[in-house]
Amino acid sequence: KVRRLLQKPTKPLTLDNSIELQISKRIENAIAKLQMLERELLSQIQSIRSKDKTSLHSIQENLASNIRIVSNLVILGKDIVIGEDGSKKINIHMIKKQLEGVNRTACYFVQKEEKHNPDIEFLFEDTLIEDLQQSAKLNYTESSAYSLVSRDELPADYECDDDDIQSTAHSMLSSASSFIDSMDSRYRDKSRPKKPIETENVEKLIQSTSTPQHQQPKRFCGTKDTRHSMEMPTFRKADRETVKVTHLTSPDCFYVQLLKMSGSLNKLSRNIDKHVRSNSIITVQIPEIKSLYLVRYMSDGVTHWCRGRVMEELPEQKMFMVYFIDYGNTATVRREDIAMISSDLKQTIPLAIKCKFFDLYPAKGEWDPKAVYLMTKIIANNELLMIVTEVSAEILEVDLITTDCDTSVRDALKFLGYGIPYCKYPTDLDKIKKQLKNTESVKLYNKTEQYKKEDSVNVIITYAINPYNIYVNMKNTKNDLIKLHESMDSFYRENKKGYVFSPKEEMVVAVLYSDGISTSWRRGIITQSTEGRGVVTARLVDIGMVISVPWDQIRKLDGRFIAQDCQAKLVKMT
Numbered sequence: 011k012v013r014r015l016l017q018k019p020t021k022p023l024t025l026d027n028s029i030e031l032q033i034s035k036r037i038e039n040a041i042a043k044l045q046m047l048e049r050e051l052l053s054q055i056q057s058i059r060s061k062d063k064t065s066l067h068s069i070q071e072n073l074a075s076n077i078r079i080v081s082n083l084v085i086l087g088k089d090i091v092i093g094e095d096g097s098k099k100i101n102i103h104m105i106k107k108q109l110e111g112v113n114r115t116a117c118y119f120v121q122k123e124e125k126h127n128p129d130i131e132f133l134f135e136d137t138l139i140e141d142l143q144q145s146a147k148l149n150y151t152e153s154s155a156y157s158l159v160s161r162d163e164l165p166a167d168y169e170c171d172d173d174d175i176q177s178t179a180h181s182m183l184s185s186a187s188s189f190i191d192s193m194d195s196r197y198r199d200k201s202r203p204k205k206p207i208e209t210e211n212v213e214k215l216i217q218s219t220s221t222p223q224h225q226q227p228k229r230f231c232g233t234k235d236t237r238h239s240m241e242m243p244t245f246r247k248a249d250r251e252t253v254k255v256t257h258l259t260s261p262d263c264f265y266v267q268l269l270k271m272s273g274s275l276n277k278l279s280r281n282i283d284k285h286v287r288s289n290s291i292i293t294v295q296i297p298e299i300k301s302l303y304l305v306r307y308m309s310d311g312v313t314h315w316c317r318g319r320v321m322e323e324l325p326e327q328k329m330f331m332v333y334f335i336d337y338g339n340t341a342t343v344r345r346e347d348i349a350m351i352s353s354d355l356k357q358t359i360p361l362a363i364k365c366k367f368f369d370l371y372p373a374k375g376e377w378d379p380k381a382v383y384l385m386t387k388i389i390a391n392n393e394l395l396m397i398v399t400e401v402s403a404e405i406l407e408v409d410l411i412t413t414d415c416d417t418s419v420r421d422a423l424k425f426l427g428y429g430i431p432y433c434k435y436p437t438d439l440d441k442i443k444k445q446l447k448n449t450e451s452v453k454l455y456n457k458t459e460q461y462k463k464e465d466s467v468n469v470i471i472t473y474a475i476n477p478y479n480i481y482v483n484m485k486n487t488k489n490d491l492i493k494l495h496e497s498m499d500s501f502y503r504e505n506k507k508g509y510v511f512s513p514k515e516e517m518v519v520a521v522l523y524s525d526g527i528s529t530s531w532r533r534g535i536i537t538q539s540t541e542g543r544g545v546v547t548a549r550l551v552d553i554g555m556v557i558s559v560p561w562d563q564i565r566k567l568d569g570r571f572i573a574q575d576c577q578a579k580l581v582k583m584t
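For the sequence shown, the working numbering assigns the number 11 to the initial residue and increments by one for each residue that follows.
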């Protein structure tokens, strides 16, 4: 019995509803908080070091103000009043008052002989790490479920077979003695070189206590073994696969199916349906934990049978928690919904692959439910490109990118401030994403107009910064531009799709613009994307204005609005 227990597969490390998950999340939260502290300290250092520069800006503003005071005084001095008799009159009293003010005006610039370098000292409590180690501990009991006792110490309800004990003991002692003798003879002559210990006798000893092959079930079983056919496909760093997300818990835990395995999934589904229709369903009387079965569940009023592994019994509810190995989701089902699985049906590898986003941690310690909603909105049953960055036995660290290469789900979570990375330097993932080219990238063009000196054109001023930066529209294009904007308003009012979740510089978008009276959609080009805040800066190509808007006020620019060239022309006064 001891050997049978030892031969059971060791419980694999799983992060689903376990102590490992708690440890992982706590450590990740601590790392995220430490990183936020690091950013705050670095920001303070930058502020301290730029103090002199800030002071110079202040001095420059004060000088400009003082120059204006003196200039006004000069103008006042020239203010001569001609009397009725033709005499010149000057307001000496006011000039005197202003001169007294000038005398108190700061006009001397003082600089230290040496450039001022502020002394910055980093204060760090050495006991912080020790306190952290003391704060994170495991509380557990050291007692074991197994023990070896004498006959006198046996529990009252213990049943034993003396013949079986004697037979097993004799076999074990005989094999063990043979093994010890072989070891003794091997090492009796010390002059011989040492060789590895042969394990043939040990293997025979184990086989003698194993269940005979003919006694094991042949067709139906609940399996706990981890045979080669049940292993996850092999992945390497930088691998790319087209996938579909089948179950989403958080950015730290979601499941995907490889599209190249869709044939295996369809074949498996057909075989399960065939098995069910042949009335071969045998319900399980006592489901075993970690065993694989066929499990029935209802979805939208339709009955489905899928492969599921029993993870936990819920005695109070008379239910079982089941993990569906081909989809990644879990469900509570009745015992009557659990049936034996045929040996043929369990040959297909589990098709759900567990993943998390590479180097991404919750910005606020725990994942905001809005982050999950955002992922759902981007994914929306679409095919995605998965880029593998880290590989382990339990989980793949990846990024998911829409097939048009416009949106990285990981970048979207960073952009909107839901997640933060730990690594601040370019990674292999960044290099791979730079290699991805969007063949359908949209561009807007500026039509070049040739004018001669003294040519005249009727224009409409749309935006003016100063006399040297004025944006205008040609008056003869006014009606075409009005039709374009009306079409954009109608299109984006009816279509709620096309959100830009990970905007990039130079990306062409539609921008919801407000002039203070009404709002309308305008064409724009992103000039800056502020990560963590969900805000972009865009230049409106038909107005010339640069505005900042939140992420939900931009959309992908539909192809029907691209043909017309940019209407805002930059001119200056001469």
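The beta-carbon is built from N, C-alpha and C at its ideal position, and this holds for glycine as well.
Cβ neighbours of residue i in the same chain (closer than 6 Å, five flanking residues each side left out)
i	result
N339	H257
E50	none
A548	V521, G534, I536
I291	A349
I190	Only weak support is given to the placement of I190: the predicted model assigns it a pLDDT of 39, under 50, and the value that follows is read from those uncertain coordinates. Answer for I190: no residue qualifies.
Endpoints, beta strand (DSSP E) assigned at residue i
i	result
G273	Here G273 belongs to no beta strand (DSSP E); instead the alpha helix (DSSP H) covers 272-287.
I130	Here I130 belongs to no beta strand (DSSP E), and DSSP marks it neither H nor E.
A578	Unbroken run through A578: none, as it is neither H nor E.
F330	329-334
K254	250-260
E459	Looking at the DSSP string, E459 is not in any beta strand (DSSP E), and its letter there is neither H nor E.
K566	564-566
Through-space distance from residue j to residue i, alpha-carbon basis
i	j	result
P379	A341	21 Å
C117	D129	29 Å
E393	E251	10 Å
R570	W377	39 Å
E464	S524	36 Å
L142	Q70	49 Å
A573	Q563	22 Å
Q54	K328	58 Å
N479	V581	6 Å
N505	K566	11 Å
Q45	Q56	17 Å
S353	E515	55 Å
Where the alpha helix (DSSP H) containing residue i begins and where it ends
i	result
T386	379-389
F425	419-425
For residue i, the nearest candidate out of the options (CA to CA)
i	options	result
Q295	D262, M350, D283, T244	M350
I335	V266, Y502, G544, F368	V266
V382	E135, C263, T458, Y307	C263
S402	I388, Y371, I363	I363
A248	I292, T358, V408	V408
V519	P560, N489, Y337	P560
P513	I527, M498, L47, Q538	Q538
K284	H314, V320, N72, R565	H314
K356	G311, M321, S274	S274
F134	K507, N476, L47	L47
K366	E323, L410, K462	L410
Under the three-state DSSP convention, the category residue i falls into
i	result
I291	coil
D409	strand
E496	helix
R543	coil
Y502	helix
K485	helix
L370	coil
Q357	coil
E241	A caution first: E241 carries a pLDDT of 48, below 50, which makes its placement in the model too unreliable to give a value.
L268	strand
S352	strand
L454	coil
M46	helix
R532	strand
A40	helix
A362	coil
T472	strand
Spatial neighbours of residue i in its chain, beta-carbon cut-off 7 Å, leaving aside the 5 residues before and after
i	result
I553	T472, Y473, Y481, R532, A578
L491	N483, D552, Q577
V469	V482, N483, M484, K485
R543	G427
K457	D575
Neighbourhood of residue i by C-beta, 8 Å cutoff - its chain only, sequence neighbours within 5 removed
i	result
G375	N39, A42, K43
H269	Note that residue 269 corresponds to Leu in the displayed sequence, not to His. Result list for L269: E251, T252, V253, K254, E393, in chain order.
Any non-hydrogen atom of the ligand GDP closer than 7 Å to residue i Cβ
i	result
T115	The ligand content of the structure shown is nil, which means the ligand GDP is not present either.
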